[in-house]
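**Student:**
Numbering (mature numbering (1 follows the signal peptide of the UniProt record, and there is no 0)), first residue to last: -28 to -1, 1 to 405.
Structure representation (structure tokens):
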């Protein structure tokens, strides 16, 4: 299987996670996260002195088609893209079903942890589900509730319009939008570049660009038409009032590889997935472009602080005084930004490091010991590719990937008061450059 490690250029900034050992013996190593079930969770039942009080999750929407008709310039591929069953950017019925299955697993997991009742509906105010202004996130929230809390009356909260959606879309002209100095943002992101700049990244990813050319049908005889992404000029793209883009060829490579992934997850016949030219493992290899895009666009501290502050503040409030379970359904960019904000790292089975799969979630839980001291633990949970593609029922023997994450800058265990102070020190207020 091809490596899912970051490209060599970024290895210096991407040391592997050390094993996390917490009070109850929880480790980030050991068996593959996907094999961990509710019964095996180190904080579950009587195996731990810690009692779960709250959990807050930031979840990506489920499987969707491309968000626009033009995935890539027409000269870059030799065949038409496959047809989808719904409009651009909408949650598919297959994606809805996969999220519903995940909701069923979440219910069993949280019930075993004591957060939700095993049967029936939670008490009023114990669960909050919210989503962004995009219909795909709202439909994902509905699917999650249908699986997790069937028959229960749970009010879904979401902005009335995109203009009111500063939490999930922090930049722009809307009232309360985050301010960002375009020049300072460019300097911050440029500082992440290796010696030789982004062209060095192109060279480091030569094998992946060659694989992408194979999928696109960009043969040697067709390269003169401009289909070879590796020959495109590189450079960060400055955006006034917004973060910089990593630019092409990486932006295009990210979009194309993500489209191949979505085709696979949708359950399309393999002859329609990347036009039958890639295996699942090769698609996973190309997803490094998706991870690389988020590295440059969301990991610079100056950018991450401004992009993630609205959601980070909202999630902190929920951890401190919110309901027992809060789920915020947004986008992969939101998760990547929050990861950059707190310097969190994860790796879902079959995906590159720090890549946010559809319907995956970055979460935090508050645990209390017998003396009332409270701690925070971060986690990531997501279905594997084949669990989504095949709509596999989830169980203790076929659990989604679940990984507990170290929180840089906070002790292990991480006291809630220390976590609160750390987050508040990083927060940027609207209008603050």
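Virtual Cβ for every residue (Gly too), placed ideally from N, Cα, C.
Between residue 103 and residue 360, how many whole angstroms is the CB-CB distance? I'm expecting something under 8 Å.
**Tutor:** Taking the first residue of the chain shown as 1, we reach residue 103 at position 131. Taking the first residue of the chain shown as 1, we reach residue 360 at position 388. Not really, about 19 Å apart at Cβ, beyond 8 Å.
**Student:** Do residue 316 and residue 379 have their CB atoms nearer than 8 Å?
**Tutor:** Numbered from its first residue, the chain shown carries residue 316 at position 344. Numbered from its first residue, the chain shown carries residue 379 at position 407. Cβ atoms of residue 316 and residue 379: closer than 8 Å.
**Student:** If the criterion is Cβ atoms closer than 8 Å, does the pair residue 105 and residue 143 meet it?
**Tutor:** For the purposes of this step, residue 105 is taken as the residue at position 133 of the chain shown. For the purposes of this step, residue 143 is taken as the residue at position 171 of the chain shown. Taking 8 Å as the Cβ cut-off, residue 105 and residue 143 do not qualify as a contacting pair.
**Student:** What does the alpha-carbon distance come out to for the pair residue 114 and residue 204?
**Tutor:** Here residue 114 corresponds to residue number 142 of the chain shown, with the count starting at 1. Here residue 204 corresponds to residue number 232 of the chain shown, with the count starting at 1. Between residue 114 and residue 204, the C-alpha separation is close to 42 Å.
**Student:** Note down the Cα distance separating residue 98 from residue 228, rounded to an integer number of angstroms.
**Tutor:** Counting from one through the chain shown, the residue named residue 98 turns up at place 126. Counting from one through the chain shown, the residue named residue 228 turns up at place 256. Cα to Cα, the separation comes out at about 40 Å.
**Student:** Tell me which residues share the same chain as residue 192 and place their Cβ nearer than 6 Å to its Cβ, disregarding the 5 neighbours each side in the sequence.
**Tutor:** In the chain shown, counting from the first residue as 1, residue 192 sits at position 220. The answer is none, since no qualifying residue turns up.
**Student:** Between which residues of its own chain and residue 116 is the CB-CB distance below 8 Å, once the five residues before and five after are set aside?
**Tutor:** As a first step, residue 116 must be located in the chain shown, where it is residue number 144. Around residue 116: 31, 71, 72, 74, 75, 78, 101, 299 and 301.
**Student:** Considering just the uninterrupted stretch of the beta strand (DSSP E) at residue 298, what are its terminal residues?
**Tutor:** The residue labelled residue 298 in the question sits at position 326 within the chain shown. Element bounds for residue 298: 297 to 302.
**Student:** Determine the closest residue to residue 322 out of 110, 252 and 36, with distance taken between C-alpha atoms.
**Tutor:** For this step, residue 322 is matched to residue 350 along the chain shown. Measuring from the Cα of residue 322, the nearest candidate turns out to be 252.
**Student:** What residues in its chain sit with their C-beta under 7 Å from that of residue 403, if we drop five residues either side in the sequence?
**Tutor:** Taking the chain shown and counting its residues from 1, the one referred to as residue 403 is at position 431. Result list for residue 403: 151, in chain order.
**Student:** Hey, quick one: how far does the beta strand (DSSP E) through residue 276 stretch, first residue to last?
**Tutor:** On the chain shown, residue 276 is found 304 positions in, with the first residue counted as 1. Unbroken run through residue 276 is the alpha helix (DSSP H), 273 to 293; no beta strand (DSSP E).
**Student:** Let's test the definition: count the other Cβ atoms within 10 Å of the Cβ of residue 329 and tell me whether it reaches 16, buried, or not, exposed.
**Tutor:** On the chain shown, residue 329 is found 357 positions in, with the first residue counted as 1. By the 10 Å Cβ count, residue 329 comes out buried.
**Student:** State the DSSP-derived secondary structure class of residue 360, mapped to helix, strand or coil.
**Tutor:** Your numbering for residue 360 matches position 388 in the chain shown. In the structure shown, residue 360 sits in a helix (DSSP, three-state: H, G or I).
**Student:** Which class does residue 48 belong to by DSSP, given the choice of helix, strand or coil?
**Tutor:** For the purposes of this step, residue 48 is taken as the residue at position 76 of the chain shown. Three-state DSSP puts residue 48 in a helix.
**Student:** Which stretch, first to last residue, makes up the beta strand (DSSP E) that contains residue 101?
**Tutor:** Looking up residue 101 in the chain shown gives position 129. First-last of the beta strand (DSSP E) with residue 101: 99 to 103.
**Student:** By Cβ distance below 7 Å, which residues in the same chain neighbour residue 248 in space, the five residues on each side in sequence not counted?
**Tutor:** Your numbering for residue 248 matches position 276 in the chain shown. So the qualifying residues of the chain are 242.
**Student:** Smallest Cα separation from residue 314: which of 324, 331 and 285?
**Tutor:** In the chain shown, the residue the question calls residue 314 occupies position 342. Selected option, being the one with the closest Cα: 285.
**Student:** From this set, 326, 21, 305 and 343, which residue's C-alpha is nearest residue 140's C-alpha?
**Tutor:** Position 168 of the chain shown, counted from the first residue, corresponds to residue 140. Minimum Cα distance to residue 140 is reached at 305.
**Student:** Rounded C-beta distance between residue 96 and residue 63? I'm assuming under 8 Å.
**Tutor:** On the chain shown, residue 96 is found 124 positions in, with the first residue counted as 1. On the chain shown, residue 63 is found 91 positions in, with the first residue counted as 1. In fact, because the Cβ distance is near 28 Å, the residues do not count as touching under 8 Å.
**Student:** Specify, as a first and last residue, the run of the beta strand (DSSP E) that residue 130 falls within.
**Tutor:** Here residue 130 corresponds to residue number 158 of the chain shown, with the count starting at 1. No beta strand (DSSP E) holds residue 130; DSSP gives it neither H nor E.
**Student:** Just checking my contact of residue 58 with residue 335 at CB under 8 Å: how many whole Å lie between their CB atoms?
**Tutor:** Taking the first residue of the chain shown as 1, we reach residue 58 at position 86. Taking the first residue of the chain shown as 1, we reach residue 335 at position 363. Actually they do not touch by this definition, with Cβ atoms about 28 Å apart.
**Student:** Enumerate in chain order the residues of its own chain whose CB-to-CB distance from residue 362 is below 8 Å, with the five nearest sequence positions on each side excluded.
**Tutor:** Position 390 of the chain shown, counted from the start, is the residue given in the question as residue 362. Closer than 8 Å at the Cβ level, and outside the excluded window around residue 362, lie 239.
**Student:** What separation, rounded to the nearest whole angstrom, lies between the Cα atoms of residue 65 and residue 295?
**Tutor:** As a working mapping, residue 65 is identified with position 93 in the chain shown. As a working mapping, residue 295 is identified with position 323 in the chain shown. Their backbone Cα atoms lie some 30 Å apart in a straight line.
**Student:** Can you tell me whether residue 250 is helix, strand or coil according to DSSP?
**Tutor:** Looking up residue 250 in the chain shown gives position 278. Coil.
**Student:** By a C-beta neighbour count over all protein chains shown, 10 Å radius and 16 as the cutoff for buried, is residue 230 buried or exposed?
**Tutor:** Locating residue 230 in the chain shown gives position 258, where the first residue counts as 1. Under this definition residue 230 is a buried residue.
**Student:** Cα separation between residue 274 and residue 160?
**Tutor:** Within the chain shown, the letter at position 302 stands for residue 274. Within the chain shown, the letter at position 188 stands for residue 160. Using only the alpha carbons, I get a separation of about 6 Å.
**Student:** Whole-angstrom Cβ separation of residue 257 and residue 183, contact assumed at under 8 Å?
**Tutor:** Here the question's residue 257 lines up with position 285 in the chain shown. Here the question's residue 183 lines up with position 211 in the chain shown. 6 Å between Cβ atoms; contact.
**Student:** So, for residue 83: in the same chain, excluding its five sequence neighbours on each side, which residues have a beta-carbon less than 6 Å away from its beta-carbon?
**Tutor:** In the chain shown, counting from the first residue as 1, residue 83 sits at position 111. Here the set comprises 90.
**Student:** Please report how far the alpha carbon of residue 149 lies from the alpha carbon of residue 196, in whole angstroms.
**Tutor:** As a first step, residue 149 is located in the chain shown; it is residue number 177 there, counting from the start. As a first step, residue 196 is located in the chain shown; it is residue number 224 there, counting from the start. Straight-line Cα distance between these residues: approximately 44 Å.
**Student:** Using beta-carbon positions only, say whether residue 398 and residue 277 come within less than 8 Å of one another.
**Tutor:** The count along the chain shown starts at 1 and reaches residue 398 at position 426. The count along the chain shown starts at 1 and reaches residue 277 at position 305. Going by C-beta atoms, residue 398 is nearer than 8 Å to residue 277.
**Student:** Would you say the beta carbon of residue 200 is closer than 7 Å to some non-hydrogen atom of the ligand FMN?
**Tutor:** Of ligands this structure carries none, so the ligand FMN is not represented either.
**Student:** When DSSP labels each residue in this structure, what does residue 191 get in the three-state scheme?
**Tutor:** On the chain shown, position 219 is the one that residue 191 refers to. Three-state DSSP puts residue 191 in coil, outside helix and strand.
**Student:** Please classify residue 28: does DSSP put it in a helix, a strand, or coil?
**Tutor:** Walking along the chain shown from the start, residue 28 turns up at place 56. Residue state, collapsed to three classes: strand.
**Student:** Measure the C-alpha to C-alpha separation of residue 348 and residue 156 and round it to an integer number of angstroms.
**Tutor:** Locating residue 348 in the chain shown gives position 376, where the first residue counts as 1. Locating residue 156 in the chain shown gives position 184, where the first residue counts as 1. Spanning the two alpha carbons is a distance of roughly 32 Å.
**Student:** What number of angstroms, rounded off, separates the C-alpha of residue 267 from the C-alpha of residue 293?
**Tutor:** As a first step, residue 267 is located in the chain shown; it is residue number 295 there, counting from the start. As a first step, residue 293 is located in the chain shown; it is residue number 321 there, counting from the start. One C-alpha to the other measures close to 32 Å.
**Student:** Take residue 122 and list the residues in its own chain whose beta-carbon comes closer than 6 Å to its own, dropping the five residues that flank it on each side.
**Tutor:** Here residue 122 corresponds to residue number 150 of the chain shown, with the count starting at 1. Result list for residue 122: empty, nothing under 6 Å.
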